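Asks: I have a structure I would like to understand better, so I am pasting it below and will then ask my questions one at a time.
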Amino acid sequence: MMYLIRRFILLIITILLVSIITFGVFQILPGDPIRTMLGTEADATQIENLRSELGLDRPLYEQYADWMKGLLTGDLGNSIRFSMPVKDLLFDRLPVTMSLAGLTLCMVLIVSIPLGMFAARRQNKLSDVSLSTVTQIGMAVPSFWLGMMLILYVGMKFDFFKISGYIPWTQSVTGALSTLVLPALTIAIPQIAVNFRYVRTAVLEQIQLDYVRTIRSKGMSEQNVMYKHVLKNSMIPILTVFGLIMAEVVAGTIIVEQVFSLPGVGQLLITAISNRDFPLVQGIVMYITVAVVAINFIVDILYSVLDPRIRLR
Amino acid sequence: MKMKRSWLLLLFTVVISLVISACSSGDDGKDTATEGDKEGDVKPVSDVPQEIVVRVNDDPDFLDPHKATASISYQMILNIFEGLMAPETDGSLKEGIAESYEIAEDGLTYTFKIRQDVKFHNGDDLTVEDIQYSFDRLMGKSGGEKMSNNFDNVASTTAPDANTFVITLKEANSNFLYSLTARQSAIIPKSNDGKHNENPIGTGPFAYVKYSPGTNLELTKNENYWKEGLPYLDKVTFTFQSDDQAAIMSLMANEVDLTSVPWQRVSEVEGSHALSHQNNNSSLIVTFNETKAPFDNVKVRQAMNYAISKSDIMESVFAGYAVELGSNMSPAMGDFQKTGLEKMYAHDVEKAKALLAEAGYPDGFKTKITVSSHNDMYSNIAQIVVANLKEIGVDVEIEVVEWGIWLDRVYFGRDYQMTTIDLTGRASAFEILNDYISTNDGENFFLFKDAEYDKIMADVLKETDQAKQIEYYQRAQEILAEQAAAVYIADYQIVWGSDKQVTGLKSYPFWFHDMSEVKFAN
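Those sequence lines, one after another, are chains A and B. Adding 196 to a residue's 1-based position in the first sequence gives its number in the working numbering. Adding 566 to a residue's 1-based position in the second sequence gives its number in the working numbering.
And the structure:
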């Protein structure tokens, strides 16, 4: 219980700090939301009207205080650029980003863990060395480039894949897959490479331990040795890395949504920043903060599930 | 050993199943993907598509036609709304909601006869009260703030009977009719007050369905449209995609039916898609802050005109899809343009050097060009400007900033030395020459100042004879060229790439995707 309360207070402090930093950056950042939105065609009357209508003629700290007050009552305010509640915009887009992140994590798990175990079993043999080389390249490739290549050589070649837009799961499962597989792959490939290396190292460490020799000598099948014992014992370091990877995936969606024109939270963030839409940026930053804190929290809990010796304090 | 094989088998299965699912769905997926997905459940009997997907660079700023200012918004929403007058593709005007109109001899009273068969998208008849309401709203007479400066000159608006609407001006203004299109004064229903942005209603060929921020704007056919037989399409979707390169891939993948094509990539879609070229009617300029040295000196500005090679820019940035300009008027404006001015400053390095020396800069000077990053075009142009000006000893540094910062610093703040931008096309010659340039106008961001010019722009409004107006406008263009108000580079063309079956696209001298006569040919 104490642990939960501590975590919660930590979350509040994190959100507060992050929002203050965002606010500070917005004060330094040149550019004006109203002018950016209305462009060169607007006359002074229109700009001033809109500014006072949205309450942007007040000093920034007042706007921030207002925003904070709203946050306490669960109100994220209205977006300047889109003249609608930040909450609606965010909830519209969360499913896209969540699906993308979910699919990416599945890909990372399904590929990297078996691959890492395989490489560990074949340490220093040709297959291990070549896998390590390939993953080295996978780690080095920037995701926007990878995305473009996938669009050009996969998306444009196979009609199944859509290279822009999003089709919700509720409308069509294959449709959703057709829009999500390539972007998910784009984020997943470098992360698979990273996770593969950690899995390999963790498994290698375990394989050399005495208990493995013991259970092997009592005649347990190799399959059981690897999955029931070695993998389970390797999970702690893998989990730590996996927590980091999840945060990477959340960040990765920002770039990849842009490349694939996916209407997700990341794309919204970029629009919000380039339009100096302060309430919207704050709202999205809150989402990212909560997501990352939540991931860390889940990882912590999983530690104690995997290894009962670890107690949450 | 057994273990190793099962691993390989697992991997192999995963890879193969991915590949197979991709290929097999690819074969039969195509038709359902392009037609089924976009239109939901009802499928037309014929194979000819009844809906179009048009790619647009950005979201509209507002859907409320009186609140919107960005030209990109009107590009889309002019399909929803109409004004008393309507634009023509050649830059002239025709009757819109007004069936006919009369201008009194003194040029002050405008009497409009209103069409009787016009219905709003919600089924209500259009009445003169709605027209009165629309103008009151624009002028801030119905309680709210004034929404436009276009009608400051209006003395009164009245509706003497159910199909007549009269506008009286304070001073004669030969350009006034241009403020009566949907661009400046869309007619919207009074019954929808307070909801014009959330649920816009108009009388245009297409009705609003749904706006998904950052994704698309969906419109549907107006079944009651007063123009018999129009529109042809059942549905129009404007999809927002800021990246040109991504857009052209969407076009090739048939996810989009119409988009602008980056000039350098025209050859890639030439065979597979229909191309149409639109003279943008904008003027691309390289300009200066003319209140600060050295650009306050006309000789320096003329030297810039001689030194910067228009043909270099037209070739390398626009791949030749551009028309050379000599002043702030494109050939797209027909008779209004003063021809021959583009020859005034033929590329001449020696002359430029001589002019610089006369102005007191024999060794050149250092300066900075500030350009926006929202389109690659501007930084590409800046690079050529740097190379060109190096030849005459002027050392230019390029500063690329975000659009928002450009607006803040250059356009509104006027804190810059050089910049390059394209001045958006307008339907009216007066607005083209007055906006951004004349000191009568607040948008004069390069701070050009010339007494004769300002006088012409004031006088022309009082002139009712069109031939004489043209004389004024032509003289105004000469002044801009003589005084080297800016380096007028070119009116670049927009190259539209579309599905080969798409017909009926119209191009206006301003940004408007008119979908009313578009259809897919068999």
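Beta carbons: idealized from backbone N, C-alpha and C, even for Gly. For clarity, every value in this text was computed on a predicted model and none was experimentally measured.
Taking only the alpha-carbon atoms, compute the straight-line gap between Arg749(B) and Asn715(B) and give it to the nearest angstrom.
Replies: So the alpha carbons of these two residues sit roughly 13 Å apart.
Asks: In three-state terms, what does DSSP make of Gly592(B)?
Replies: Confidence is the limiting factor: at Gly592(B) the pLDDT is only 36, short of 50, which leaves the residue's position unreliable and the question unanswerable from this model.
Asks: Looking at chain B, which residues of the region 213-246 of chain A have a Cβ within less than 7 Å of any of its Cβ atoms?
Replies: Listed in sequence order: Pro226, Gly227, Asp228, Arg231, Thr232, Met233, Leu234, Gly235, Thr236, Glu237, Ala238, Asp239, Ala240, Thr241, Gln242 and Asn245.
Asks: Would you say the beta carbon of Ser849(B) is closer than 7 Å to some non-hydrogen atom of the ligand ZN?
Replies: Here there are no bound small molecules, and the ligand ZN is not part of this structure.
Asks: Pick helix, strand or coil for Ile874(B), following the three-state DSSP scheme.
Replies: In the structure shown, Ile874(B) sits in coil (DSSP, three-state: anything other than H, G, I, E or B).
Asks: Identify the continuous beta strand (DSSP E) that holds Met1081(B) and give its terminal residues.
Replies: Where Met1081(B) is concerned, there is no enclosing beta strand (DSSP E), given that its DSSP letter is neither H nor E.
Asks: Per DSSP, what are the beta-bridge partners of Ser842(B) in this structure?
Replies: Bridge partners of Ser842(B): Trp1062(B).
Asks: Name the two residues that bound the continuous alpha helix (DSSP H) containing Glu924(B).
Replies: Start and end: Val915 to Glu924.
Asks: Under 8 Å: do the region 864-875 of chain B and the region 1070-1084 of chain B share three or more Cβ pairs, one atom per stretch?
Replies: Because the criterion of three Cβ pairs below 8 Å is not met, the region 864-875 of chain B and the region 1070-1084 of chain B do not touch.
Asks: If you measure between the beta carbons of Asp1057(B) and Asn763(B), is that distance less than 8 Å?
Replies: In this structure, Asn763(B) does not lie closer than 8 Å to Asp1057(B) by Cβ.
Asks: Nearest to Tyr407(A) by alpha carbon, out of Asn391(A), Ala315(A) and Lys424(A)?
Replies: That would be Lys424(A), whose Cα lies nearest to the Cα of Tyr407(A).
Asks: Report the residue ranges of all beta strand (DSSP E) runs contained in full by the region 301-364 of chain A; include only those spanning at least 3 residues, in chain order.
Replies: Entirely contained in the region 301-364 of chain A, not one beta strand (DSSP E) run reaches 3 residues.
Asks: Relative to the alpha-carbon of Ile450(A), which residue among Ala380(A), Ile432(A) and Pro475(A) has its alpha-carbon at the smallest distance?
Replies: Of Ala380(A), Ile432(A) and Pro475(A), the residue nearest in Cα terms is Ala380(A).
Asks: Report the CB separation of Val395(A) from Ile333(A) in whole angstroms; it is logged as a contact under 8 Å.
Replies: Not confirmed; about 18 Å, so no contact.
Asks: Taking beta-carbon pairs under 9 Å, can you tell me which members of the region 808-842 of chain B lie near chain A?
Replies: Of all residues in the region 808-842 of chain B, Ser808, Asp809, Gln811, Ala812, Ala813, Met815, Ser816, Met818, Ala819, Asn820, Glu821 and Val822 have a Cβ within less than 9 Å of some Cβ in chain A.
Asks: Note the first and the last residue of the continuous alpha helix (DSSP H) segment covering Ile441(A).
Replies: Where Ile441(A) is concerned, the enclosing alpha helix (DSSP H) stretches over Leu427 to Val455.
Asks: At least one CB of chain B closer than 8 Å to the CB of Ser279(A): is that the case?
Replies: Chain B, which has a Cβ nearer than 8 Å to the Cβ of Ser279(A), makes this yes.
Asks: What is the residue span of the alpha helix (DSSP H) that Leu705(B) lies within?
Replies: Per the sequence shown, the amino acid found at residue 705(B) is Met instead of Leu. Element bounds for Met705(B): Val694 to Met705.
Asks: My parser needs the alpha helix (DSSP H) runs of 4 or more residues fully inside the region 945-1007 of chain B; what are they?
Replies: Within the region 945-1007 of chain B, the complete alpha helix (DSSP H) runs of at least 4 residues are 969-972 and 995-1000.
Asks: Would you call the region 984-1003 of chain B and the region 257-277 of chain A in contact, with 3 or more CB pairs under 8 Å?
Replies: The answer is no - the region 257-277 of chain A does not touch the region 984-1003 of chain B, with fewer than three Cβ pairs under 8 Å.
Asks: According to the neighbour-count rule (16 or more other Cβ atoms, all chains shown, within 10 Å of its Cβ), is Glu737(B) buried or exposed?
Replies: Exposed, by the Cβ-count rule.
Asks: If contact means a Cβ-Cβ distance below 9 Å, which residues of the region 346-359 of chain A contact chain B?
Replies: Listed in sequence order: Ile347, Leu348, Val350, Gly351, Met352, Lys353, Phe354, Asp355, Phe356, Phe357, Lys358 and Ile359.
Asks: How about Glu648(B) and Thr769(B): are their beta carbons less than 8 Å apart?
Replies: The answer is yes: Cβ separation under 8 Å.
Asks: Less than 8 Å between CB atoms is the rule here; does Gly361(A) satisfy it with respect to chain B?
Replies: For Gly361(A), the answer is yes, since a Cβ of chain B falls inside 8 Å of its Cβ.
Asks: Check whether the Cβ of Leu290(A) lies closer than 8 Å to any Cβ atom in chain B.
Replies: Taking Cβ atoms only, chain B never reaches closer than 8 Å to Leu290(A), which makes this a no.
Asks: Could you check if Trp365(A) is buried or exposed, using at least 16 other CB atoms within 10 Å of its CB as the buried criterion?
Replies: Flag for Trp365(A) reads exposed.
Asks: Which residues mark the beginning and the end of the alpha helix (DSSP H) in which Thr370(A) is found?
Replies: It spans Val369 to Ile403 - the alpha helix (DSSP H) in which Thr370(A) sits, taken as one unbroken run.
Asks: Are the CB atoms of Ser470(A) and Gly970(B) within a distance shorter than 8 Å?
Replies: Yes, these two residues count as a Cβ contact at 8 Å.
Asks: Check for me: the alpha helix (DSSP H) holding Asn492(A) runs from which residue to which?
Replies: Where Asn492(A) is concerned, the enclosing alpha helix (DSSP H) stretches over Phe474 to Leu502.
Asks: Taking the alpha carbon of Pro928(B) as the reference point, which residue from Ile958(B), Thr905(B) and Ser938(B) has its own alpha carbon closest?
Replies: The option with the nearest alpha carbon to Pro928(B) is Ile958(B).
Asks: Residues of chain B with CB under 7 Å from Thr467(A), in chain order?
Replies: Within chain B, the residues near Thr467(A) are Gly780.
Asks: Just reading off the alpha helix (DSSP H) that Tyr744(B) is part of, what are its end residues?
Replies: Looking at the DSSP string, Tyr744(B) is not in any alpha helix (DSSP H), and its letter there is neither H nor E.
Asks: Leaving out five residues before and five after Asp624(B) in sequence, what residues of the same chain have Cβ atoms less than 7 Å from its Cβ?
Replies: Once the five neighbours on either side are set aside, the close Cβ partners of Asp624(B) are Ile638, Phe806 and Ser808.
Asks: Give the single residue among Ile208(A), Leu290(A), Arg254(A) and Arg317(A) whose Cα lies nearest to the Cα of Met422(A).
Replies: Measuring from the Cα of Met422(A), the nearest candidate turns out to be Arg317(A).
Asks: By the 7 Å beta-carbon criterion, what residues does the region 454-465 of chain A contribute toward chain B?
Replies: Listed in sequence order: Ser457, Pro459, Gln463 and Leu464.
Asks: Among the residues of its own chain, which have a CB less than 7 Å from the CB of Met642(B), if the five just before and after it don't count?
Replies: Excluding positions up to five away in sequence, the list reads Val622, Pro626, Leu783, Phe804 and His1079.
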